Amino acid sequence: MLQKFYPSEIADSAYAIDYKSLYKQGYRGLLFDIDNTLVEHGAPASKRAIELISKLKEIGFKVCLISNNQEERVSSFNKDIKVHFVYDAHKPSRKSYCKAMKLMGTKPSNTVFIGDQLFTDVYGANRVGIKSYFVKPIGPKEEIQIVLKRYLERIVLYFYRRQNKLEAN
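So for the sequence shown, the UniProt record's numbering puts the first residue at 1; every next one is plus one.
(1) Taking Leu38 as the reference, which of Phe113, Lys165, Lys24, Ile130 has the closest Cα?
(2) Report yes if the CB atom of Ile130 is closer than 7 angstroms to the CB atom of Thr111, and no otherwise.
(3) Does the distance from the C-beta atom of residue 170 to that of Val63 stay below 7 angstroms?
(4) Between Val135 and Asp88, what straight-line distance do the alpha-carbon atoms span, to the nearest angstrom?
(5) If you draw a straight line from the alpha carbon of Phe5 to that of Ile81, how long is it in whole angstroms?
(6) Below 7 angstroms between beta carbons: does that hold for Ser67 and Ile34?
(7) Between the Cα of Pro92 and those of Asn69, Gly124, Phe85, spot the shortest distance and give me the residue it belongs to.
(8) Mind checking who Glu9 pairs with in its DSSP beta bridge?
(9) Label Gln163 either buried or exposed according to how many other C-beta atoms from any shown protein chain fall within 10 Å of its C-beta, with 16 as the threshold for buried.
(10) Could you give the first and the last residue of the continuous alpha helix (DSSP H) run that contains Val39?
(11) Going straight from the alpha carbon of Ala100 to that of Phe32, what length do you get?
(12) Are the beta-carbon atoms of Leu56 and Tyr19 separated by less than 7 angstroms?
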C-alpha cells in the first residue's frame, strides 16, 4: 500500500541530481515543484535556481514548473526562469502532470518529476507513470498542513529504505 508513495529515487536536493546522466538515459522533460524544492517556501527565483534551469535548457531538456500555488506566485517565480508552468495544479491530480507533459511535448516514459513532498509530488508522478525524485526540503519554513504530512512521510520513507535495503541484499 505504501509503495504508491515511494519515489523512484531520493536526492539531497534538486541541485544534486545528475541531469546529464538522465539525458543520456533518454529523459527529455523535467517537472519541478517550486517551494522547498528549488527555493525556500515563498522565495523568489534565486540565482542558483535560474542557473540550474539555464543549464538544463543547454543540456536539451524541456522544463515545466508544476505547483499547487496560485498563478501570481508561480508566474512571478518564473519571470527570470522563463519555462512552461502549471499553477493551481491540485497535485496529486493526474490532470496537471499530463498538462505539463503536453506543454513540453513529452510523455511519461521520458519525463522526470522533482519535488519535496511524497503525498503530492511523488504520488502524483507515480499515478501517471513518471520517474520521480524526492528531494529534502530546502528550508524549515512550511505551512502547518505540510508540517503534519512530514511526520507521515518519515513513516513511508522508513519502509521505503527498509524495502530497498532488502532488495539490495
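We put the beta carbon where it would ideally sit given N, CA and C, even for glycine. Owing to the predicted nature of the structure, the values given are computational and were not obtained by experimental measurement.
According to the structure data:
(1) Phe113
(2) yes
(3) An answer regarding residue 170 cannot be provided, because it is not within the stretch 1 to 169 covered by the chain.
(4) 21 angstroms
(5) 29 angstroms
(6) yes
(7) Gly124
(8) Tyr133
(9) exposed
(10) Val39 -> no alpha helix (DSSP H), and no H or E assigned at all.
(11) 10 angstroms
(12) yes
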